[in-house]
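Chains as they are written, first to last, in my numbering: chain A, 1 to 162; chain B, 1001 to 1162. Note that beta-carbon positions come from the ideal geometry of N, C-alpha and C, so glycine has one too. Treat the numbers as computed from the prediction; the structure is a model and nothing was measured. Since the structure comes first, as structure tokens, the remarks are kept for the end.
Protein chains: 2
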Amino acid sequence: MIFTTKAEYGVRLMVELGRQSGARTATSLKVIAESEALPLAYLERIVALLKKAGLVESTRGAHGGYRLSRSPEEITMDDVILALEGSVAPMNCFVDDTDGSSRVLCSHEADAGQGCATKLLWMRVQGGVMEKLQQTTLAELVAFSHRENTPPPTERENLTHA
Amino acid sequence: MIFTTKAEYGVRLMVELGRQSGARTATSLKVIAESEALPLAYLERIVALLKKAGLVESTRGAHGGYRLSRSPEEITMDDVILALEGSVAPMNCFVDDTDGSSRVLCSHEADAGQGCATKLLWMRVQGGVMEKLQQTTLAELVAFSHRENTPPPTERENLTHA
DNA sequence: TTCAATCCTACCAACGGGGTCGGAGATGAA
DNA sequence: TTCATCTCCGACCCCGTTGGTAGGATTGAA
Ligand code: FES
Ligand code: FES
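This is the structure in structure tokens:
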């Protein structure tokens, strides 16, 4: 399993916020939790990561909630995933324990001038993942998840009922 | 963390076998375990996965050991990783519990005809990983880790003894 | 027959993931 | 002013998986 549910829930949350990015009013976590059937208390901890990364803004108090700090088109998924997972590392020698970033701490490199056999592979894989993440914007995911939201106006009834 | 140490150790093991793919005699796990400083008993379980996948062959008994069943150039890393990890799934909704393969069991798809918001993202990421794995051959990794092994034929004696 | 190897199963400790709880500040509405 | 909602924050807990060990059975060369 590459990603944890933090990433899954966090992406879902972002998509939900992306849907409402036009709205004036912030969206409360409670609404999102119910609409996506996710545990509220857990979501609170997840959205904190997104906030720390500057991807969402919050207003406290009654009628408060969260909204995107940029438009969905300007948010690439590598920012989102990095904020949620800390790093996208194929192996633990890729994650810097101090700050959680993705520096390569290959312990086998210094040995006898030998190249670490696996490093080449992991680097490529990580590159492949990061590439795909950078190429994907939140706006795309929002569009992809359009249900009865902006449907091709025909055959609405196929969706609502069989 | 995308991959477990199974993948790490397994790849190291394959590289080590790849180095000796010219040799007549099979290589024992003990030798590999010592040269790579990996726990022997654990390696036994790992190599079993590789054997089940048909990537290595074994001869039992004294002076037995393992050798590659194909040449390193013909072995792509997706086979290796798949054999070791079972599947490369970005999320558990991608792994079929019955056989461990990588079918997509998206539980959010049927809902009201809505596309699962995250599916698009995970599919792309998985595609990126698989692509990189397929593009990388064992031979490349062996070459990358070339130390004094297939050295410009001088100074052989450095290896056999100091 | 002895030794060195593969093979196989069961067992175990530790860690991280996934989640809950309780409470402490904001803040608008009644 | 009070109250209902929110965001925020830390501690806590359960449990599956990972990483690894132990012990043996089987095979085959010397
Ligand atoms: S030890 Fe992991 S890349 Fe070298
Ligand atoms: S539930 Fe995971 S892809 Fe839809």
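Legend: CB atoms of the stretch 83-95 of chain A lying less than 8 Å from CB atoms of chain B belong to residues Val-88, Ala-89, Pro-90, Met-91, Asn-92, Val-95. Buried is the label assigned to Ala-83 of chain A, since at least 16 other Cβ atoms lie within 10 Å of its Cβ.
Taking a C-beta distance under 8 Å as the contact criterion, Val-11 of chain A and Leu-1120 of chain B do not qualify as a contact pair.
For Val-11 of chain A, a Cβ of chain B is located within less than 8 Å of the residue's own Cβ. In this structure, the C-beta of His-146 of chain A stays at least 7 Å away from each heavy atom of ligand 2.
Taking every protein chain shown into account, the CB of Val-1031 of chain B has fewer than 16 other CB atoms within 10 angstroms, so this residue is exposed.
Taking 7 Å as the cut-off, one finds no heavy atom of ligand 2 near enough to the beta carbon of Lys-132 of chain A. Of the residues B:Val-1056, B:Thr-1136, B:Asp-1097, B:Asp-1096, the one whose Cα lies closest to the Cα of Ala-117 of chain A is B:Thr-1136.
Thr-1136 of chain B has its Cβ no nearer than 7 Å to any heavy atom of ligand 1.
Per DSSP, Leu-1068 of chain B is one residue of the beta strand (DSSP E) stretching across 1065-1068. Excluding sequence positions up to five before and after Leu-1049 of chain B, its CB lies within less than 8 Å of the CB of Lys-1006, Gly-1010, Ala-1083, Leu-1084, all in the same chain and listed in chain order.
If you draw a straight line from the Cα of Ile-46 of chain A to the Cα of Met-91 of chain A, it is about 23 Å long.
By the neighbour-count criterion, in which a residue is buried when 16 or more other Cβ atoms sit within 10 angstroms of its Cβ, Tyr-66 of chain A is buried. Residue environment: Arg-1060 of chain B is assigned as exposed (fewer than 16 neighbouring CB atoms within 10 Å of its CB, all protein chains considered). In the DSSP assignment, Glu-1085 of chain B is bridged to no other residue.
Cβ neighbours of Cys-106 of chain A within its own chain (closer than 7 Å, five residues either side excluded): Cys-93, Cys-116, Lys-119. For Glu-1140 of chain B, the nearest beta carbon of chain A is closer than 8 Å to its own beta carbon. The C-beta of Glu-1131 of chain B comes closer than 8 Å to at least one C-beta of chain A. Here the alpha carbon of Glu-34 of chain A sits roughly 48 Å from the alpha carbon of Leu-1013 of chain B. With respect to chain A, the C-beta atom of Gly-1115 of chain B has a partner C-beta closer than 8 Å. In terms of Cβ geometry, Ile-1075 of chain B and Ile-2 of chain A do not form a close pair [threshold 8 Å].
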